[in-house]
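Novice: Numbering that gives the first Met the number 0 puts the first residue of the sequence shown at 0, with every later residue one more than the last.
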Amino acid sequence: MTEEKTWANISRFQTYLFNSGDNFKSYEMLGSHKVKIDGVDGWRFAVWAPKAVSVRVVGDFNDWNGYDKMLERIETSGVWYGFFTDIEEGMLYKYAIEAENGETYYKADPYAVKSELRPGTASVTKDISNNYKWGDKAWISARSKNSTLTEPMNIYEIHIGSWKIHDDGSFYTYRELADELVPYVKKMGYTHIELMPITEYPFDGSWGYQVTGFFSATTRYGESEDLKYLIDKCHKNHIGIIMDWVPAHFPRDAHGLRMFDGTPVYEYADPRLGEHKDWGTMVFDYSKSEVISFLISSAYFWAEQYHIDGIRVDAVSSMLYRDYSRNDGEWVPNEYGGNGNLEAVDFLKKLNKIMGTEFPNFMMVAEESTAWPLVTAPPENDGLGFNYKWNMGWMNDTLRYMGMDPYFRKDNHSLLTFMMMYAYSENYILPLSHDEVVHGKGSMLNKMFGEYDEKFAAYRTLLGYYMTMPGKKMLFMGGEFGQMLEWRYDDQLEWNVLEIDKHKRLHQYVKDLNHFYMENKALWELDTSWDGFRWVNEADSENSVLSYIRRGRHAADNVVVVANFTPVERPIYKIGVPLAGEYEVVFHSSAVKYGGNKRITKKVYKTKNMQFSDMMYTIEVAIDGNSVMFLKKKPADKAAASKKKTTASKTAKKTTDKTESATAKKAAVKKTTATKTAAKKTSTRTNKSAK
Numbered sequence: 000m001t002e003e004k005t006w007a008n009i010s011r012f013q014t015y016l017f018n019s020g021d022n023f024k025s026y027e028m029l030g031s032h033k034v035k036i037d038g039v040d041g042w043r044f045a046v047w048a049p050k051a052v053s054v055r056v057v058g059d060f061n062d063w064n065g066y067d068k069m070l071e072r073i074e075t076s077g078v079w080y081g082f083f084t085d086i087e088e089g090m091l092y093k094y095a096i097e098a099e100n101g102e103t104y105y106k107a108d109p110y111a112v113k114s115e116l117r118p119g120t121a122s123v124t125k126d127i128s129n130n131y132k133w134g135d136k137a138w139i140s141a142r143s144k145n146s147t148l149t150e151p152m153n154i155y156e157i158h159i160g161s162w163k164i165h166d167d168g169s170f171y172t173y174r175e176l177a178d179e180l181v182p183y184v185k186k187m188g189y190t191h192i193e194l195m196p197i198t199e200y201p202f203d204g205s206w207g208y209q210v211t212g213f214f215s216a217t218t219r220y221g222e223s224e225d226l227k228y229l230i231d232k233c234h235k236n237h238i239g240i241i242m243d244w245v246p247a248h249f250p251r252d253a254h255g256l257r258m259f260d261g262t263p264v265y266e267y268a269d270p271r272l273g274e275h276k277d278w279g280t281m282v283f284d285y286s287k288s289e290v291i292s293f294l295i296s297s298a299y300f301w302a303e304q305y306h307i308d309g310i311r312v313d314a315v316s317s318m319l320y321r322d323y324s325r326n327d328g329e330w331v332p333n334e335y336g337g338n339g340n341l342e343a344v345d346f347l348k349k350l351n352k353i354m355g356t357e358f359p360n361f362m363m364v365a366e367e368s369t370a371w372p373l374v375t376a377p378p379e380n381d382g383l384g385f386n387y388k389w390n391m392g393w394m395n396d397t398l399r400y401m402g403m404d405p406y407f408r409k410d411n412h413s414l415l416t417f418m419m420m421y422a423y424s425e426n427y428i429l430p431l432s433h434d435e436v437v438h439g440k441g442s443m444l445n446k447m448f449g450e451y452d453e454k455f456a457a458y459r460t461l462l463g464y465y466m467t468m469p470g471k472k473m474l475f476m477g478g479e480f481g482q483m484l485e486w487r488y489d490d491q492l493e494w495n496v497l498e499i500d501k502h503k504r505l506h507q508y509v510k511d512l513n514h515f516y517m518e519n520k521a522l523w524e525l526d527t528s529w530d531g532f533r534w535v536n537e538a539d540s541e542n543s544v545l546s547y548i549r550r551g552r553h554a555a556d557n558v559v560v561v562a563n564f565t566p567v568e569r570p571i572y573k574i575g576v577p578l579a580g581e582y583e584v585v586f587h588s589s590a591v592k593y594g595g596n597k598r599i600t601k602k603v604y605k606t607k608n609m610q611f612s613d614m615m616y617t618i619e620v621a622i623d624g625n626s627v628m629f630l631k632k633k634p635a636d637k638a639a640a641s642k643k644k645t646t647a648s649k650t651a652k653k654t655t656d657k658t659e660s661a662t663a664k665k666a667a668v669k670k671t672t673a674t675k676t677a678a679k680k681t682s683t684r685t686n687k688s689a690k
């Protein structure tokens, strides 16, 4: 049998898979790798540059000249490779690519696992394959067996560079962040952290969304092993990690992917397809098999090497539509004359299928803002195959409603109720994300209508409503304590506002609300089924009140929600319930400890045999203005004990009343007798005097 030909341990089969769009671990072939060839240690370099005339490796080791580091082409694969023994870990390098037009382009390695700290743009030799000993085996095993669809999921979205900053203005490292962020998130009751992009990017102001290093963790915050420590610590504390990932576009930076070998390699050649003019970025050419191998390998790499639990795919809408943010005449229809980008659709289906197969219960989340159908349906059912989709419609409608004068809300009631018309058409995440607290939109707290105190009451109501509607949850950092200013990527959160009582109490409210969510199955275990939700009264637009039931698999877990979106108190408000008994207030946003002004005096409401709407029984509750409260039916034995206690109390009161009455009666008789005796003596004295 003939031995397969290899090039510095790169096999023909690997290049074949890469050229076919099926090498999902192409990072093992391409990039710089510490390897042993024929017993000799060295570094192998490999890069895809199909139209290049020649390729050199230039760097610290050859004064950026590189004529001693010429690469060779591997047959017709478009891949160039070389093996060198005089290179060490930690050296800077680039590829000097001679193009057909005679120009030489100095490019960073698309597959580099480490990049030079900005403003530097070189790649760095590094072996990360075994540079950290993981301790999260139990977490990974449990994740593979349990779908998040039927588990609580409450995501805390953060931007590492601005969560906290040292007094000298320097960033927290991944390792420092692990020691502060993880305990904080656990204490606050979040289940997951979503990291805004940590793939390497040159411009801080892009927030990480203009990526140049799709396999490289940004060195702003430390080394790859430090990031692994952060993720490992999250897992050991039962916190999942989702990362933002950007396969929709890439920047025009000279050292990046654009015109990589002097021709459009990673981007569409036609600018009507290959450019996003609004963003000043380039669009990946999803029709090229090698680009598909590159992108899927990137996602695979982060799951395999960094143990992340999910990916939020950014700007999916821009991938799906050829006319996205383009005027007539500025886009090219697909082969059927439509505006769908069929290659991108095929890529997303393939990506999601691979990630779901290779990493069971790995989460793929779409930031998709249009009505594209079946985003979270499986590819075999003609869906895109994502696990979740951001519910941008809910977010826009809800924040618009909360910014209105309450007087006008009755005419816009459908902004809150419309969501339930489509709530189960996809698996949704309800996002209160970074996008909503920038560019003049105001902080989450300041979006609320009203003066200072009113904003807090309204915000507590919003959060209580949001936490009890169908869908997983996500809140951007700072929203948990009422950040006053918009988010700024170059400054830390306003942690100092926690010295103000209102903010401190709001912080406590969010913490308790998060834990209430986690502890009550009805709020998450049937998130993707109509069985998990029932309206009580969605039609009370006049009072701007919503009431509904979140249902679990067991009726005892059900939570009744009443939300009042005006500042008007309703001392007697009827709602229907399906079962007779006693309903106990288990959570109230107007409690004094949360910054409200309501001391909850009545905590239990007994049903009346009166039908309300389609419910057999009614309770009459008192609801504060701008508030949300949750009730649960007391178990029969608990209700009976409560009734027995009440009866005993009443009996004791009756006994006391009878005793007091008898004593009073005796005293009255005694007083009357004494009065008569005194009167008789007086009369006798008077008669004697008269004589």
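We treat Cβ as the ideally placed atom computed from N, Cα and C, and that holds for glycine.
For clarity, every value in this text was computed on a predicted model and none was experimentally measured.
Are the CB atoms of tyrosine 572 and valine 603 nearer to each other than 8 angstroms?
Specialist: Cβ atoms of tyrosine 572 and valine 603: not closer than 8 angstroms.
Novice: Beta carbon of serine 223, beta carbon of valine 123: below 8 angstroms?
Specialist: The answer is no: Cβ separation not under 8 angstroms.
Novice: Using only the alpha-carbon positions, how far apart do serine 25 and threonine 75 sit?
Specialist: Spanning the two alpha carbons is a distance of roughly 17 angstroms.
Novice: Would arginine 693 be called buried (16 or more neighbouring beta carbons within 10 Å of its own) or exposed?
Specialist: The displayed coordinates of the chain run from 0 to 690. Any statement about residue 693 would go beyond what the structure contains.
Novice: Tell me which residue opens and which closes the beta strand (DSSP E) that tryptophan 79 is part of.
Specialist: Residues 78 to 83.
Novice: Quick one: grab the DSSP three-state call for tryptophan 301.
Specialist: Three-state DSSP puts tryptophan 301 in a helix.
Novice: Spatial neighbours of glutamate 367 within its chain, please: C-beta separation below 6 angstroms, excluding the five flanking residues on both sides.
Specialist: Closer than 6 angstroms at the Cβ level, and outside the excluded window around glutamate 367, lie Val315, Ser316, Val374, Lys388.
Novice: Consult DSSP for serine 143 and reduce its assignment to one of helix, strand or coil.
Specialist: Serine 143 falls in the helix class under three-state DSSP.
Novice: Just mark serine 169 as buried or exposed, buried being the case when its beta carbon has 16 or more other beta carbons within 10 Å.
Specialist: Flag for serine 169 reads exposed.
Novice: What does DSSP give as the partner residues of glutamate 193 in its beta bridges?
Specialist: DSSP, once it has assigned bridges, lists Glu156, Ile241 as partnering glutamate 193.
Novice: Does serine 588 come out as helix, strand or coil in the three-state DSSP assignment?
Specialist: DSSP places serine 588 in coil when its eight states are reduced to three.
Novice: Note down the Cα distance separating lysine 186 from lysine 510, rounded to an integer number of angstroms.
Specialist: So the alpha carbons of these two residues sit roughly 8 angstroms apart.
Novice: Answer with buried or exposed for tyrosine 305, where buried requires no fewer than 16 other C-beta atoms within 10 angstroms of its C-beta.
Specialist: By the neighbour-count rule (16 or more Cβ atoms within 10 Å), tyrosine 305 is buried.
Novice: Is proline 250 helix, strand or coil when you go by DSSP?
Specialist: Proline 250 falls in the strand class under three-state DSSP.
Novice: Can you give the Cα-Cα distance for lysine 631 and methionine 473, rounded to whole angstroms?
Specialist: Rounded to whole angstroms, lysine 631 to methionine 473 spans 25 angstroms at the Cα level.
Novice: By the three-class DSSP mapping on this structure, what secondary structure does threonine 654 have?
Specialist: At threonine 654 the pLDDT is 47, less than 50, meaning the model places this residue with poor confidence and gives no usable figure here.
Novice: Suppose contacts are defined by Cβ-Cβ distances below 8 angstroms. Is asparagine 563 in contact with isoleucine 622 by that definition?
Specialist: Contact flag set, yes.
Novice: So what's asparagine 18 in DSSP terms, helix, strand or just coil?
Specialist: The answer is helix: DSSP assigns asparagine 18 an H, G or I state.
Novice: Pick out whichever of Arg552, Phe448, Gly204, Glu193 has its Cα sitting closest to the Cα of valine 312.
Specialist: Checked all of Arg552, Phe448, Gly204, Glu193; the closest Cα to valine 312 is Glu193.
Novice: Note down, in chain order, each residue of its chain lying with its Cβ closer than 6 angstroms to the Cβ of phenylalanine 515, except the 5 sequence neighbours on either side.
Specialist: So the qualifying residues of the chain are Phe586.
Novice: Determine the direct distance from the alpha carbon of methionine 615 to that of leucine 578, and round the result to whole angstroms.
Specialist: Their Cα atoms are separated by approximately 7 angstroms.
Novice: Are the region 206 to 219 and the region 237 to 249 touching, with three or more C-beta to C-beta distances below 8 angstroms?
Specialist: Result yes; three or more Cβ-Cβ pairs closer than 8 angstroms.
Novice: Considering only the beta carbon of each residue, do histidine 254 and tyrosine 105 sit closer than 8 angstroms?
Specialist: Yes. Within cutoff.
Novice: Under 7 angstroms Cβ to Cβ from tryptophan 529, same chain only, skipping five residues before and after it: list those, please.
Specialist: Within the same chain, tryptophan 529 has close Cβ partners Tyr423.
Novice: Can you list, in chain order, the residues of its chain whose CB lies under 7 angstroms from that of glycine 478, leaving out five sequence neighbours each side?
Specialist: Hits under 7 angstroms: Leu431, Met443.
Novice: Going by DSSP in three states, isoleucine 307 sits in which element: helix, strand or coil?
Specialist: The answer is coil: DSSP assigns isoleucine 307 none of H, G, I, E or B.
Novice: Arginine 569 lies in the beta strand (DSSP E); which residues open and close that run?
Specialist: Arginine 569 -> beta strand (DSSP E) spans 569 to 576.
Novice: Please identify the residue among Asn61, Asp37, Asn145, Val184 whose C-alpha is closest to the C-alpha of methionine 476.
Specialist: When each option's Cα is compared against that of methionine 476, the closest is Val184.
Novice: State buried or exposed for asparagine 513, treating a residue as buried only when at least 16 other CB atoms are found within 10 Å of its CB.
Specialist: Buried.
Novice: Going by CA-CA distance only, name the one from Phe611, Val56, Thr172, Val496 that's closest to tyrosine 547.
Specialist: Residue Phe611 is the option with its Cα nearest to tyrosine 547.
Novice: Just mark glycine 204 as buried or exposed, buried being the case when its beta carbon has 16 or more other beta carbons within 10 Å.
Specialist: With fewer than 16 other Cβ atoms within 10 Å, it is exposed.
Novice: Rounded to whole angstroms, how far is the Cβ of serine 161 from the Cβ of leucine 492, which I believe are closer than 8 angstroms?
Specialist: Yes, serine 161 and leucine 492 are in contact; Cβ-Cβ is about 7 angstroms, under 8 angstroms.
Novice: Could you give the DSSP three-state label for tyrosine 110: helix, strand or coil?
Specialist: The answer is coil: DSSP assigns tyrosine 110 none of H, G, I, E or B.
Novice: What does DSSP give as the partner residue(s) for lysine 93 in the beta ladder?
Specialist: Lysine 93 is bridged to Val57.
Novice: On a CA-only basis, which of Glu303, Leu319, Ile154, Ala298 is nearest isoleucine 310? Give me that one, please.
Specialist: It is Ala298 whose Cα lies nearest to the Cα of isoleucine 310.
Novice: Which residues bound the beta strand (DSSP E) around histidine 32?
Specialist: Here the beta strand (DSSP E) through histidine 32 covers 30 to 36.
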